[in-house]
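J.: Respectively, the protein sequence lines represent chains A and B. Per the numbering used here, the first sequence starts with residue 317, numbered consecutively. Per the numbering used here, the second sequence starts with residue 317, numbered consecutively. Ideal Cβ positions, reconstructed from N, Cα and C, are used throughout, including at glycine.
There are 2 protein chains.
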Amino acid sequence: MTDTADTAERDLVLTRLIAASPAALYRCWTEPELMKQWFTPAPWTTIHAETDVRPGGASLVVMRGPDGTEFPNRGVYLEVVPNARLVFTDAYVSAWEPSQKPFMTVILTFEPEDGGTRYTARARHWTATDREAHEGMGFHEGWGKAADQLAALAATL
Amino acid sequence: MTDTADTAERDLVLTRLIAASPAALYRCWTEPELMKQWFTPAPWTTIHAETDVRPGGASLVVMRGPDGTEFPNRGVYLEVVPNARLVFTDAYVSAWEPSQKPFMTVILTFEPEDGGTRYTARARHWTATDREAHEGMGFHEGWGKAADQLAALAATL
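#1: Using 10 angstroms around the beta-carbon of residue 351 of chain B, count the other beta-carbons present and answer buried if the total reaches 16, otherwise exposed.
#2: Under 8 Å between C-beta atoms, does residue 442 of chain A make it to chain B?
#3: Should residue 453 of chain A be labelled buried (16 or more other beta-carbon atoms within 10 Å of its own) or exposed?
#4: Can you confirm whether residue 447 of chain A, when its beta carbon is compared against all beta carbons of chain D, has any partner nearer than 8 Å?
#5: List, in chain order, every chain B residue whose beta-carbon is nearer than 7 Å to that of residue 423 of chain A.
#6: Would residue 444 of chain A be called buried (16 or more neighbouring beta carbons within 10 Å of its own) or exposed?
#7: I think residue 333 of chain B touches residue 434 of chain B, with their Cβ atoms under 8 Å apart; what is that distance to the nearest whole Å?
#8: Below 8 Å CB to CB, which residues in the same chain sit around residue 331 of chain A once its five sequence neighbours on both sides are set aside?
#9: Quick check on this structure: which residue in A/417, A/428, A/400 and A/323 has the alpha carbon closest to the alpha carbon of residue 389 of chain A?
#10: Report the option in A/471, A/473, A/465 and A/365 whose CA atom is closest to the CA atom of residue 359 of chain A.
#11: Is residue 423 of chain A near residue 412 of chain B, with beta carbons less than 8 Å apart?
#12: Tell me where the alpha helix (DSSP H) around residue 343 of chain A begins and ends.
Right under this line is the structure:
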């Protein structure tokens, strides 16, 4: 993972020590039935998830807001290391159909630490402006709440 | 390869039947010493090439114009099927550092046909505006001349 001055100003990062195995967290990020249980901070829900977990495979996650509005999120996996690392981007909606707006690449790492897992989610944007917009949209609170839900679910697996 | 109405207006395509094997054409696209011999239409030259040919591997090609100005082109491979298919993009300069401007994804296919190879190079842009700009910069003439040079070199391998 590159994290130079070139990317630092474009990154938003959440990192947390979670009392679950890397494998459990990886399952939560890759299995649709698990993803639907934790991915969106309540009162938002995830009503549909598809995950073709391989480089070039597509993902689709449909979130529903409190007022019933649905938000489909499409992406493509770029790098897959089972139980350790997952990279995907919204720059493509399938391999290799460009999306309307390349916004970010997400780099997830699951590292064994103190009997649990050091979970790090890095949202790397194409521009500093997009990073700021994402932060303003509530990245830290939203991803933080989702991480709480992720930790709670992973602990049961 | 997706080629729907969604992408057709964002694509520029060169296709040609070449009297060489898919393996020879693939070598020309992946081996730096070969790439330097054909990649830029004269009087432009390719003075340096690096190709880490695997998904997530980086490429660097430095072209030099007639007045001596150098133009580095960085990209990352997304899909690699030896002797058959190669996909790369300038949306990243390395795995996974976003470039300043995601411009295009290049999808190359090398298909056996009539004892030679059906060579297809598809430049897929993020926007129709970028496709038009690329066309205006001389895509068809430039890539056409390069394909002439590619065919001549591949025939000697």
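T.: Taking the definition as stated:
#1: Position 35 of the second sequence, counting from 1, holds the residue named residue 351 of chain B. Buried, since its Cβ has 16 or more Cβ neighbours within 10 Å.
#2: Translated into the one-based positions of the first sequence, residue 442 of chain A becomes position 126. Taking Cβ atoms only, chain B reaches closer than 8 Å to residue 442 of chain A, which makes this a yes.
#3: In the first sequence, counting from the first residue as 1, residue 453 of chain A sits at position 137. Exposed, since its Cβ has fewer than 16 Cβ neighbours within 10 Å.
#4: Absent here is chain D; the protein component of the structure consists of chains A and B.
#5: The residue you call residue 423 of chain A lines up with position 107 of the first sequence. Correct list: 412.
#6: Start at 1 with the first residue of the first sequence, and residue 444 of chain A comes out as number 128. So residue 444 of chain A ends up on the exposed side.
#7: For the purposes of this step, residue 333 of chain B is taken as residue 17 along the second sequence, with counting starting at 1. For the purposes of this step, residue 434 of chain B is taken as residue 118 along the second sequence, with counting starting at 1. Contact flag correct, Cβ pair sits at about 6 Å.
#8: Locating residue 331 of chain A in the first sequence gives position 15, counting from the first residue. 434, 435, 436 and 437, listed in sequence order.
#9: Here residue 389 of chain A is taken as the residue at index 73 of the first sequence, counted from 1. Of the candidates A/417, A/428, A/400 and A/323, the one whose C-alpha sits nearest the C-alpha of residue 389 of chain A is A/417.
#10: On the first sequence, residue 359 of chain A is found 43 positions in, with the first residue counted as 1. Ranking A/471, A/473, A/465 and A/365 by Cα distance to residue 359 of chain A puts A/465 first.
#11: Numbered from its first residue, the first sequence carries residue 423 of chain A at position 107. Numbered from its first residue, the second sequence carries residue 412 of chain B at position 96. For residue 423 of chain A and residue 412 of chain B, yes; Cβs fall inside 8 Å.
#12: Here residue 343 of chain A is taken as the residue at index 27 of the first sequence, counted from 1. From DSSP, the alpha helix (DSSP H) with residue 343 of chain A extends over 338–346.
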